[in-house]
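Visitor: Position 58 of the sequence shown, counted from 1, bears residue number 57 in numbering that gives the first Met the number 0, the numbering being contiguous throughout. Take this structure, written in structure tokens, and hold onto it; I'll ask about it next.
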Amino acid sequence: MSRPMDEDVPGKNEEEEFHTGPLSVLMMSVKNNTQVLINCRNNRKLLGHVRAFDRHCNMVLENVREMWTELD
């Protein structure tokens, strides 16, 4: 009998994507403690250290600086 895969438990395919796919940038940032620049939908930018993330791009950030431009 096959049980459905739990969403919170990463599979081998997902682990591979974290190391080779687009999320590898975040994985390297977590490992090397480097800053990332995140461009948000509201045209604001966040510069900070990524402490954790998931496959949905939810992130835990530390020492974040928010940047934006005000137009007159």
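Glycine residues also receive a C-beta, built at the ideal position from the N, C-alpha and C atoms.
Report all residues from its chain with a CB closer than 6 Å to the CB of L25; omit the five preceding and five following residues, and keep chain order.
Guide: Excluding positions up to five away in sequence, the list reads V49 and F52.
Visitor: At which residues does the alpha helix (DSSP H) containing L25 begin and terminate?
Guide: First-last of the alpha helix (DSSP H) with L25: S23 to N31.
Visitor: Is the Cβ-Cβ distance between H46 and V29 less than 9 Å?
Guide: A small correction: the amino acid at residue 46 is Leu; His does not occupy that position in the sequence shown. No. Outside cutoff.
Visitor: Could you pull out every residue in the same chain whose Cβ sits closer than 8 Å to the Cβ of V59, ignoring the five residues on either side in sequence?
Guide: Here the set comprises V49, R50, A51 and F52.
Visitor: Go to H48, then tell me how far its beta strand (DSSP E) extends in each direction, as first and last residue.
Guide: It spans K44 to F52 - the beta strand (DSSP E) in which H48 sits, taken as one unbroken run.
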